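Chemist: With the first letter of the sequence shown counted as 1, position 163 gets the number 798 in our numbering; the numbers rise by one all the way through. Where is the CB? At the ideal position from N, CA and C, for every residue including glycine. Since this is a predicted model, take the numbers as computed values, not measurements.
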Amino acid sequence: MTSSHLTVITGASRGLGRAMAEQLLQPGRRLLCISRHTDEQLAKLAREAGAELEQWQVDLAEPVVAAERLSAWLGSLDAASFDSATLINNAGTVGRIRPLSEAVPAELAQALRVGLESAMLLTAAFLGATKGWRADRKVLNISSGLGRNAMGSQAPYCAAKAGMDHFSRAVALEEKGPGAARIVSLAPGVIDTDMQVELRGGDPDMFPDRERFERLKADGKLDSPQSAAAKVLKYLDRADFGSNPVADVRDPA
Numbered sequence: 636m637t638s639s640h641l642t643v644i645t646g647a648s649r650g651l652g653r654a655m656a657e658q659l660l661q662p663g664r665r666l667l668c669i670s671r672h673t674d675e676q677l678a679k680l681a682r683e684a685g686a687e688l689e690q691w692q693v694d695l696a697e698p699v700v701a702a703e704r705l706s707a708w709l710g711s712l713d714a715a716s717f718d719s720a721t722l723i724n725n726a727g728t729v730g731r732i733r734p735l736s737e738a739v740p741a742e743l744a745q746a747l748r749v750g751l752e753s754a755m756l757l758t759a760a761f762l763g764a765t766k767g768w769r770a771d772r773k774v775l776n777i778s779s780g781l782g783r784n785a786m787g788s789q790a791p792y793c794a795a796k797a798g799m800d801h802f803s804r805a806v807a808l809e810e811k812g813p814g815a816a817r818i819v820s821l822a823p824g825v826i827d828t829d830m831q832v833e834l835r836g837g838d839p840d841m842f843p844d845r846e847r848f849e850r851l852k853a854d855g856k857l858d859s860p861q862s863a864a865a866k867v868l869k870y871l872d873r874a875d876f877g878s879n880p881v882a883d884v885r886d887p888a
């Protein structure tokens, strides 16, 4: 089996990440999923599709370990065999929904490690390990509107996504010239995932915006993970990918 397109994706065990992983299972593709859980159904789909799939059960709250492992793994591959190499930083967590004054320090640290620190460390590992590859290299960071518009009781998530946006801008300035990687921090729209369930279940005394998320669900304004994944992957394939390092999936081509 020969794979010419390599994709590494985090948070692939549920929601948008799971849907993207499933849609990427095609002949000629090699997929590495980094998640808290492995998925036998995804492995079965990979075998049926003729795609190469590897799954790592990794806690991204320990991002140094994950980044070192990724760097070593990429270094073990035959770089010349790939036409493209892509990292999708999708993992994130809303954490406990409450004002920052009520935050539990360990939970706050975990939310930032998973949502921002792991993305930065994995991006550094990916760019370093693939430097000099002939492949078309891309980094896709899954951001959020909450990284661009603040919301109370969501400080960790807002900070992680805003940080993701801004480090993407910085990396875009660094990656110039022949063989440079392209990077985009992309808001994928509002998606009907477990994260939305958590937001709708927030304590209204701690989370005044809960009603807004209840209305989104009631009014049918949430995109399905499958539909959102298709839009995100279509954006990833755009010829102008990287021209705007902070973007929205709804931006016109």
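How is K773 classed by DSSP in three states: helix, strand or coil?
Modeler: Here residue 773 is taken as the residue at index 138 of the sequence shown, counted from 1. Three-state DSSP puts K773 in a strand.
Chemist: Looking at L677: is its Cβ nearer than 8 Å to the Cβ of E657?
Modeler: To locate residue 677, count along the sequence shown from 1; it is residue 42. To locate residue 657, count along the sequence shown from 1; it is residue 22. Against a cut-off of 8 Å, the Cβ pair of E657 and L677 comes out as a contact.
Chemist: Give the DSSP-derived three-state secondary structure of T828 in the structure shown.
Modeler: As a first step, residue 828 is located in the sequence shown; it is residue number 193 there, counting from the start. Note: T828 maps to coil in three-state DSSP.
Chemist: What beta strand (DSSP E) runs, 3 residues minimum, are completely inside the region 670-700?
Modeler: List check, beta strand (DSSP E) in window: 687-692.
Chemist: Where do the ends of the beta strand (DSSP E) carrying A720 lie?
Modeler: Start at 1 with the first residue of the sequence shown, and residue 720 comes out as number 85. Unbroken beta strand (DSSP E) run through A720: 719-724.
Chemist: Within the same chain, show all residues whose beta-carbon is closer than 8 Å to that of Q831, passing over the 5 residues directly before and after it, in chain order.
Modeler: Here the question's residue 831 lines up with position 196 in the sequence shown. Answer for Q831: V825, F848, L851, K852, L857, listed in chain order.
Chemist: Run through the region 728-790 for me and flag every whole beta strand (DSSP E) of 3 or more residues, listed as ranges in chain order.
Modeler: Counting only runs of 3 or more, we get 771-777.
Chemist: Under 8 Å Cβ to Cβ from R653, same chain only, skipping five residues before and after it: list those, please.
Modeler: Counting from one through the sequence shown, the residue named residue 653 turns up at place 18. Cβ neighbours of R653 beyond the five flanking positions: A647, D674, L677, P860.
Chemist: Which residue comes first and which comes last in the alpha helix (DSSP H) that contains L868?
Modeler: As a working mapping, residue 868 is identified with position 233 in the sequence shown. Note, L868: alpha helix (DSSP H), 860-871.
Chemist: Helix, strand or coil for A795? Go by DSSP, reduced to three states.
Modeler: Walking along the sequence shown from the start, residue 795 turns up at place 160. The answer is helix: DSSP assigns A795 an H, G or I state.
Chemist: Check this for me: beta carbons of S779 and P698, under 8 Å apart or not?
Modeler: As a position in the sequence shown, residue 779 is number 144, starting the count at 1. As a position in the sequence shown, residue 698 is number 63, starting the count at 1. Contact flag unset, no.
Chemist: At which residues does the beta strand (DSSP E) containing L659 begin and terminate?
Modeler: Counting from 1 along the sequence shown, the entry for residue 659 is found at position 24. Counting along the chain, L659 falls outside any beta strand (DSSP E), though it belongs to the alpha helix (DSSP H) covering 650-659.
Chemist: What is the DSSP secondary structure of V643, reduced to helix, strand or coil?
Modeler: Locating residue 643 in the sequence shown gives position 8, where the first residue counts as 1. The answer is strand: DSSP assigns V643 an E or B state.
Chemist: Looking only at its own chain, which residues have a Cβ that is under 8 Å from the Cβ of A882, when we skip the five neighbours before and after it?
Modeler: Residue 882 sits at position 247 when you count from the first residue of the sequence shown. For A882, where only same-chain residues beyond five positions count, the Cβ hits under 8 Å are V819, S820, L821, A822, Y870.
Chemist: Kindly identify the DSSP beta-bridge partner or partners of R665.
Modeler: As a working mapping, residue 665 is identified with position 30 in the sequence shown. Partner(s): L641, E687.
Chemist: Mind checking whether A746 and Y792 have CB atoms under 8 Å apart?
Modeler: In the sequence shown, the residue the question calls residue 746 occupies position 111. In the sequence shown, the residue the question calls residue 792 occupies position 157. For A746 and Y792, yes; Cβs fall inside 8 Å.
Chemist: Name the DSSP bridge partner or partners of V819?
Modeler: As a working mapping, residue 819 is identified with position 184 in the sequence shown. Looking at the DSSP assignment, V819 forms a beta bridge with L775.
Chemist: What does DSSP give as the partner residue(s) for A882 in the beta ladder?
Modeler: Residue 882 sits at position 247 when you count from the first residue of the sequence shown. DSSP output for A882 lists L821 as bridge partner(s).
Chemist: Measure the C-alpha to C-alpha separation of K796 and L695 and round it to an integer number of angstroms.
Modeler: In the sequence shown, counting from the first residue as 1, residue 796 sits at position 161. In the sequence shown, counting from the first residue as 1, residue 695 sits at position 60. Taking the straight line from one Cα to the other gives about 16 Å.
Chemist: Would you say T642 and T765 are within 8 Å of each other, going by their C-beta atoms?
Modeler: Mapped onto the sequence shown, residue 642 falls at position 7. Mapped onto the sequence shown, residue 765 falls at position 130. Contact flag unset, no.
Chemist: If you drop the 5 nearest sequence neighbours on each side, which residues of the same chain put their C-beta closer than 8 Å to that of M636?
Modeler: For the purposes of this step, residue 636 is taken as residue 1 along the sequence shown, with counting starting at 1. Below a pLDDT of 50, predicted positions are generally treated as unreliable, and M636, at 48, falls in that range; no measurement from the model is reported.
Chemist: From R649 to M755, what distance separates their C-alpha atoms?
Modeler: Position 14 of the sequence shown holds residue 649. Position 120 of the sequence shown holds residue 755. Each residue's Cα considered, the two are about 21 Å apart.
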